[in-house]
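Heads up, the thing below is written out as structure tokens.
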Amino acid sequence: METWRLLSFQRLSGAENMAVDEAIFRETATRGGEPTLRLYGWIRPTVTVGYSQDLEEDVNRAFCEERGIDIVRRPTGGKAVYHSTDLTYSLASSQHRFPFSADILGTYRVIGRCLIKGLGKAGISAELVEEGRAPGRCFEEAGCFAVPFRNELLVKGAKICGSAQVRGRDCFLQHGSVLIDFDPVISLQIMGKDGRDEEEAVRRLAGAVTCVSRETSVPVTAERLVPYLGSGFEELLNIRLLKGDLTGRERALAERLITEKYGNRRWNERGRL
Amino acid sequence: MSTYPDDLLYSRDHTWARVDDTVVTIGITDFAQENLGDIISVDLYTVDSAVKQGEPFGLIESSKATVELIAPVSGDIIAVNEDLFDDVGVLECDVYDAGWMIAVAIDRVDELDDLLDPDDYEEYVDQVQGRR
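Structure representation (structure tokens):
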């Protein structure tokens, strides 16, 4: 049976989380090795913005500052995501390792099915969006969860998990968040819209997005969801997850990326170093 | 006969190379463009940057993923298609001409031997699609 590395659950800052994800991705690209699954949380509320997203346009920085919400730019594209209690996953692998390939959507599908299997174990019946609607020009679209897209996960038509992917030579990193709780008002405020004055927008967003706490009768934290999601991967792909740690090279690279990139105002504000 | 232009060479990273003596113009193939889906933005290394075969020369963001653009040859970038920054839509209709990305003054002519002719590239794409 094939084995993958599973990194233990940790809550880290936004800069640390993005740096660790990228370090694993870079090392997978240069040194190969087994796929790595990481399931993690956030030590502080954090907004992650997409690689080429316009921060000034799409995020209310003053609001975030006032509320102590960190902002960090991801290595992946897509829209802004507000992380608080959610469980985030990242998977880095060679595209030549079973069951992956160069097919971008095929990779989303495989990982999506594993997450569905895992959520099912927690009593949540999710499905994969095969054909999502194209992003419209509604103002909520700056937020990732406002825009269901192909191969993302819905529960009864409402999005529960959004994902994004970056590809290098022969390898990829995909990460995404399973919402544990969701507050449409704060989400709209982060996107620069005052939710209190936009009742219709709050109503729409509340209908378009769901979360684990809404879909289960017992309280579920990010930590408690970890074994469910892990076994979803194991059972669907017939693999075994073995707990492991970052290598010395990954740790050193992550530290450098925190200093030079994800902890760097220039990167987070403009997407340039 | 291949469906890919016969005056170009191709890499396994799905870029094409138009060779004019020691200058190679580079872009992505229509297979790459179709796999990427709707392209949102292109970010390219600047003129005078050095690129290495097998390493990135830029990044492309699409509705599906952010993908590093991998250089088919090594050398110094002598031109960048800045029109792409204003209109990435060109990549959806004309990847082989108006959709060129960078021009490189190459260091090593022998690196061209690593590239594929149109028939071999088509066969490679068939293999990749077969793995899906």
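First to last, the sequence lines map onto chains X and A.
For the first sequence, our numbering gives the first residue as 260, with consecutive numbering after it.
For the second sequence, our numbering gives the first residue as 58, with consecutive numbering after it.
Even for Gly, the Cβ is constructed at its ideal location relative to N, Cα and C.
Given that A/V185 touches chain X, what residues does it touch there, using C-beta distances under 9 Å? S360, A361 and D362
Pick from X/L298, X/E293, X/G292 and X/M450 that is closest to X/L484, judged by C-alpha positions: X/L298
With C-beta atoms as the reference, is A/E168 less than 7 Å away from A/Q110? It is a contact, given that the beta carbons lie within the stated cut-off.
Which residues DSSP lists as bridging X/A321, in chain order: Answer by DSSP bridge pairing: none, since X/A321 is not bridged.
Beta carbon of X/P294, beta carbon of X/W263: below 7 Å? yes
Looking only at its own chain, which residues have a Cβ that is under 7 Å from the Cβ of A/L172, when we skip the five neighbours before and after it? L66, Y67, S68, A74 and P129
Let me know the alpha helix (DSSP H) ranges lying completely inside the region 114-188 of chain A, each 4 residues or longer, listed in chain order. 140-143, 147-150 and 175-187
Exposed or buried, which one is X/E532 when buried takes at least 16 other CB atoms within 10 Å? Residue 532 of chain X is actually Leu in this sequence, not Glu. Its Cβ having fewer than 16 others within 10 Å, X/L532 is exposed.
Going by DSSP, what residues sit across from X/V331 in a beta bridge? According to DSSP, X/V331 bridges with X/T307.
Runs of beta strand (DSSP E) wholly within the region 474-509 of chain X (minimum 3 residues, chain order): 498-503
Among A/D70, A/E179 and A/Y61, the one whose alpha carbon lies nearest that of X/R428: Checking every option, the nearest Cα to that of X/R428 belongs to A/D70.
If the cut is a Cβ gap below 9 Å, which residues of chain X does A/V147 touch? Think of a sphere of 9 Å around the beta carbon of A/V147: no beta carbon from chain X falls inside it, the nearest being about 17 Å out.
How far does the alpha helix (DSSP H) with X/C373 in it reach, from first residue to last? I363 to K380
Three-way DSSP call (helix, strand, coil) for X/L298 in this model: strand
Which of the three DSSP states is assigned to X/D429 in this structure? coil
Can you check which of these residues, A/Q186, A/E125, A/E179 and A/S120, is closest to A/Y61 by C-alpha distance? A/E179
Beta bridge counterpart(s) of X/E436 as assigned by DSSP: Contrary to the premise, residue 436 of chain X reads as Ser rather than Glu in this sequence. For X/S436, which the question treats as bridged, DSSP gives the partners X/T347 and X/G421.
Local conformation of X/T469 per DSSP, three classes: coil
Which residues of chain A have a Cβ atom closer than 7 Å to the Cβ of X/Y548, listed in chain order? Because chain X in this structure spans residues 260 to 532, residue 548 of chain X falls outside the shown range and cannot be described.
Outcome for X/G377 when other beta-carbon atoms lying within 10 angstroms are tallied against a minimum of 16: buried
Any idea what DSSP makes of X/S446, helix, strand or coil? The three-state secondary structure of X/S446, taken from DSSP, is helix.
CB contact check: X/G427 to chain A, cutoff 7 Å: When Cβ-Cβ separations below 7 Å define contact, X/G427 makes contact with chain A.
Which bits of chain A does X/Q256 rub up against, with CB to CB less than 8 Å? This structure leaves residue 256 of chain X out entirely; chain X is present only between 260 and 532.
To which residues of the same chain is X/V369 closer than 6 Å at the C-beta, ignoring the five residues directly before and after it? P358
State whether the region 132-147 of chain A contacts the region 417-433 of chain X, with contact taken as three or more CB pairs (one from each stretch) at a distance under 8 Å. no
Could you check whether the Cβ of A/T134 sits closer than 7 Å to any Cβ belonging to chain X? Looking at the sequence provided, one finds Ile at residue 134 of chain A rather than Thr. No, because no Cβ of chain X sits closer than 7 Å to the Cβ of A/I134.
Helix or strand or just coil, what does DSSP make of X/I517? Note: X/I517 maps to helix in three-state DSSP.
Does DSSP put A/D105 in a helix, in a strand, or in coil? coil
Please compile the residues from chain A whose C-beta is within a distance smaller than 7 Å of the C-beta of X/T335. Here the neighbours are T123.
Specify the secondary structure class of A/L65 as computed by DSSP and reduced to three states. coil
Where does A/G111 sit, in a helix, a strand or coil, going by DSSP? coil
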